[in-house]
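This report concerns only the one structure given below.
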Amino acid sequence: MLSLYVSGTSPVHRAPAGLKLAVLAALGVTLFAIDRLELVAGAFVLVVALGLLGARLPARSLTSQIRSVWIWLAALFCFHLLVTGPLVGAVAVLRLLTLVVAAAVVTATTRVTALVAVIEWLASPLRAFGVRPARIGLVIAMTLRFIPLVADRAARLREAQAARGADRLRLGLVVPLLVQVLRMATTVGEALDARGADDAPARRHRLGTA
Amino acid sequence: MPWGRRAERATAESTAALPSTAIELRGVAHSYGDRPVLTDLSVTLTERRVGVIGANGSGKSTFARLLNGLVVPAEGSVLVDGLDTRTQSREVRRRVGFVFQDPDAQIVHPTVEEDLAFGPHNQRLPAGETARRVEEALLRYDLAGHRDHPAHLLSGGQKQLLAIAGVLVMHPRRIVFDEPTTLLDLANTRRVARVIQELEQDVVVVTHHLDLLDDFDRVLVFEEGRLVADGPPGETVPWYIARAT
Chain L
37 MLSLYVSGTS PVHRAPAGLK LAVLAALGVT LFAIDRLELV AGAFVLVVAL
87 GLLGARLPAR SLTSQIRSVW IWLAALFCFH LLVTGPLVGA VAVLRLLTLV
137 VAAAVVTATT RVTALVAVIE WLASPLRAFG VRPARIGLVI AMTLRFIPLV
187 ADRAARLREA QAARGADRLR LGLVVPLLVQ VLRMATTVGE ALDARGADDA
237 PARRHRLGTA
Chain S
2 MPWGRRAERA TAESTAALPS TAIELRGVAH SYGDRPVLTD LSVTLTERRV
52 GVIGANGSGK STFARLLNGL VVPAEGSVLV DGLDTRTQSR EVRRRVGFVF
102 QDPDAQIVHP TVEEDLAFGP HNQRLPAGET ARRVEEALLR YDLAGHRDHP
152 AHLLSGGQKQ LLAIAGVLVM HPRRIVFDEP TTLLDLANTR RVARVIQELE
202 QDVVVVTHHL DLLDDFDRVL VFEEGRLVAD GPPGETVPWY IARAT
């Protein structure tokens with residue numbers, strides 16, 4: 037989600053983000069309600085076809101997501117081999133694989149702002165309790181923005197420590213990283229003020245398209 | 002040619018009518034805790050291009066932050082076109098944009114296009130106008146090819162251009178730059194310098210890169226929280242260099 041969006045104009049790209057998330061949720065519920073291998077396999081093929089043909093995504097945008105979880109899927113299959121049997125294991129693995137690919141299709145075809153707009157819409161009933169949904173959306177967007185930045189700062193600190201002879205990962209990294217992050221947070225707060233974040237209107241509550 | 006002439010013209014047309022701003026500081030003093038950073042400062046800025054120089058810790062950045070209300074003075078007042086930054090900070094910030102030294106702290110959305118739309122959205126501009134301004138900025142700063150690019154993967158120069166563009170799409174009348182080239186290499190420093198040179202808006206630039214100020218109208222020199230020199234760059238910059246060496 038941090039950098040998975042692949043720009044495009046396919047029907048899947050143009051579909052409303054809320055619809056895509058709803059379909060993803062429904063798919064998750066349905067997959068866990070069925071336990072026949074051929075049905076789950078069929079769903080997997082459909083989802084892959086939707087990604088490659090419907091959304092015209094490059095295969096690597098799907099395979100990269102599978103690569104990041106394959107070790108867990110393999111472990112799950114081994115567990116089922118020992119405890120329940122290969123058929124149940126295959127269904128369990130294929131079920132998760134289908135959901136991973138479906139989630140990859142959604143994130144690759146939907147801008148973060150569109151996803152955030154859906155979350156804001158979902159959070160809009162909280163307005164009655166004084167919660168500002170636009171703030172929730174901003175927090176989510178900023179989290180996605182700053183995760184790689186903080187990771188980059190941590191990597192720089194590790195390099196700086198290594199350059200001074202600390203060749204193992206040390207707990208001492210935490211304090212300087214925290215200091216840097218807090219310092220940056222002050223500037224980010226100023227930047228939000230400078231860019232009028234306090235003036236932000238309540239978003240129009242409709243499900244945005246990608 | 003790093004960015005298109007057609008796009009430059011389009012942006013120039015959209016900002017050419019911007020009126021200039023007058024910023025007045027009256028008897029301003031400020032401190033962080035017990036540490037005074039600015040003392041007895043009274044100055045009025047009406048020139049189109051104002052440079053601010055001085056050693057580290059001389060009060061330059063605090064001065065810059067005073068100009069759009071990011072910092073409210075402990076004593077005295079700051080008026081932007083007559084608006085007091087203490088009581089009318091929102092309106093002041095609409096008139097005076099701010100570009101930070103570290104663009105990473107200024108870019109708040111994950112992708113380039115989304116970040117550009119952040120300011121106009123906060124200004125409650127219609128979606129069509131926001132899209133037009135974003136498109137214009139993407140073209141002008143050669144970022145169109147990076148529209149959906151994650152901001153953290155941009156180069157240092159591209160990040161600074163994005164930070165500047167993120168302020169420009171809000172159409173401020175004056176832009177304050179706080180050491181905009183400090184983290185950049187030579188090529189990107191020149192590029193950002195050219196961007197500042199071509200801006201239609203009034204600018205205040207805090208910098209250690211003295212070359213940047215050659216064609217400026219006025220340069221302020223700060224030393225230990227005091228304004229110690231004020232005049233055209235031809236006089237103040239050599240004076241500052243002689244004093245620093």
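Protein sequences, first through last, are from chains L and S. Count along the first sequence starting at 1, add 36, and that's the number in our numbering. Count along the second sequence starting at 1, add 1, and that's the number in our numbering. We put the beta carbon where it would ideally sit given N, CA and C, even for glycine. These numbers come from a predicted model, not from an experiment.
Measure the C-alpha to C-alpha separation of PHE101 of chain S and ASP143 of chain S and round it to an integer number of angstroms.
20 Å
Would you say ASN189 of chain S faces chain L, with C-beta separation under 9 Å as the test?
-> no
So, with DSSP's three-state summary, where would you put TYR142 of chain S? coil
* To do: Classify TYR33 of chain S as helix, strand or coil using the three-state DSSP reduction.
  => strand
| query | Whole-angstrom Cβ separation of GLN161 of chain S and LEU140 of chain S, contact assumed at under 8 Å? | reply | That belief does not hold up - the Cβ atoms of GLN161 of chain S and LEU140 of chain S are roughly 17 Å apart, past 8 Å.
### Task
Please classify GLU115 of chain S: is it buried, with 16 or more other beta-carbons within 10 angstroms of its beta-carbon, or exposed?
buried
>> Can you pull the chain L neighbours of ALA152 of chain S, defined as C-beta to C-beta under 8 Å?
In response: ARG181
message: Suppose you measure from the CA of PRO151 of chain S to the CA of ALA145 of chain S; what does that come to, to the nearest Å?
response: 13 Å
Measure the Cβ-Cβ separation of ALA233 of chain L and HIS110 of chain S and say whether it is below 9 Å. Taking 9 Å as the cut-off, the Cβ atoms of ALA233 of chain L and HIS110 of chain S do not count as close.
Nearest-angstrom Cα distance between ASP229 of chain L and LEU112 of chain L? Rounded to the nearest whole angstrom, the C-alpha separation of ASP229 of chain L and LEU112 of chain L is 48 Å.
Q. Is there a Cβ from chain S that is less than 9 Å from the Cβ of VAL154 of chain L?
A. no
Fill in: CB contact flag (THR208 of chain S, GLU236 of chain S, <9 Å)
no
*To the nearest angstrom, report how far apart LEU214 of chain L and GLU226 of chain L are at their CA atoms.*
Going from the Cα of LEU214 of chain L to the Cα of GLU226 of chain L covers about 19 Å.
| task | Inspect the CB distances between the region 79–86 of chain S and the region 214–223 of chain L and report whether three or more fall short of 8 Å. | result | no
**Prompt:** If you measure from the beta carbon of ALA139 of chain L to each beta carbon in chain S, is any gap under 9 Å?
**Reply:** By this cut-off, ALA139 of chain L is not an interface position.
inquiry  = For the region 89–98 of chain S against the region 65–74 of chain S, do three or more pairs of beta-carbon atoms, one drawn from each stretch, fall closer than 8 Å, so that the two count as touching?
reply    = yes
*Applying a beta-carbon distance threshold of less than 9 Å, which residues of chain L neighbour GLU136 of chain S?*
Within chain L, no residue comes near GLU136 of chain S; the closest Cβ sits about 14 Å away, beyond 9 Å.
**Study point:** Inter-residue Cα distance where the pair is PRO234 of chain S and LEU117 of chain S
**Key:** 33 Å
In whole angstroms, what separates the C-alpha of VAL220 of chain S from that of VAL81 of chain S? Spanning the two alpha carbons is a distance of roughly 19 Å.
Is there a Cβ from chain L that is less than 9 Å from the Cβ of ALA118 of chain S? ALA118 of chain S counts as touching chain L.
Of all the CB atoms in chain S, is at least one closer than 9 Å to the CB of PRO169 of chain L? Answer no: the Cβ-Cβ gap between PRO169 of chain L and chain S never drops below 9 Å.
Problem - Min CB distance THR45 of chain L to chain S below 9 Å - result: no
Using a threshold of 9 Å, state whether the C-beta atoms of VAL83 of chain L and ALA138 of chain L are closer than that. It is a contact, given that the beta carbons lie within the stated cut-off.
Query - Neighbourhood of ARG92 of chain L by C-beta, 7 Å cutoff - its chain only, sequence neighbours within 5 removed - result: GLY44, SER46
* Asked: Under 7 Å Cβ-Cβ, which residues of chain S neighbour THR149 of chain L?
  -> GLU115
Under DSSP, the beta strand (DSSP E) around GLY232 of chain S begins and ends at which residues? 227–232
Output the distance between the C-alpha atoms of ALA46 of chain S and VAL79 of chain S, rounded to the nearest integer angstrom.
-> A small fix is needed here, since residue 46 of chain S is Leu in this sequence, not Ala. Each residue's Cα considered, the two are about 11 Å apart.
What is the C-beta distance between GLY98 of chain S and VAL29 of chain S, in whole angstroms, given that I count them as a contact (C-beta under 8 Å)?
That pair is no contact at about 21 Å.
To be precise: take each residue of the region 69–81 of chain S, compare its Cβ to all Cβ atoms of chain L, and keep it if any distance is under 7 Å. Which residues remain? So the close ones are ASN69, LEU71.
Fill in: Opposing strand residues paired with ILE54 of chain S [DSSP bridges]
S:VAL222
request  = Note down, in chain order, each residue of its chain lying with its Cβ closer than 6 Å to the Cβ of ASP275 of chain S, except the 5 sequence neighbours on either side.
outcome  = Past the boundaries of the shown model lies residue 275 of chain S; chain S is included only from 2 to 246, so the question cannot be answered.
Requested in this report: Return the first residue and the last residue of the alpha helix (DSSP H) that ILE172 of chain L is part of.
Outcome: That run of the alpha helix (DSSP H) goes 169–199.
Identify, in the order they occur along the chain, each residue of the same chain with its Cβ nearer than 8 Å to the Cβ of ALA245 of chain S, setting aside the five sequence neighbours on each side.
ALA56
The region 62–74 of chain L contacting the region 149–167 of chain L, beta-carbon criterion three pairs below 8 Å: no
**Prompt:** How many angstroms separate the CA atom of ILE183 of chain L from the CA atom of ILE108 of chain S?
**Reply:** 13 Å
Beta-carbon spacing of VAL141 of chain L, LEU86 of chain L below 9 Å: yes
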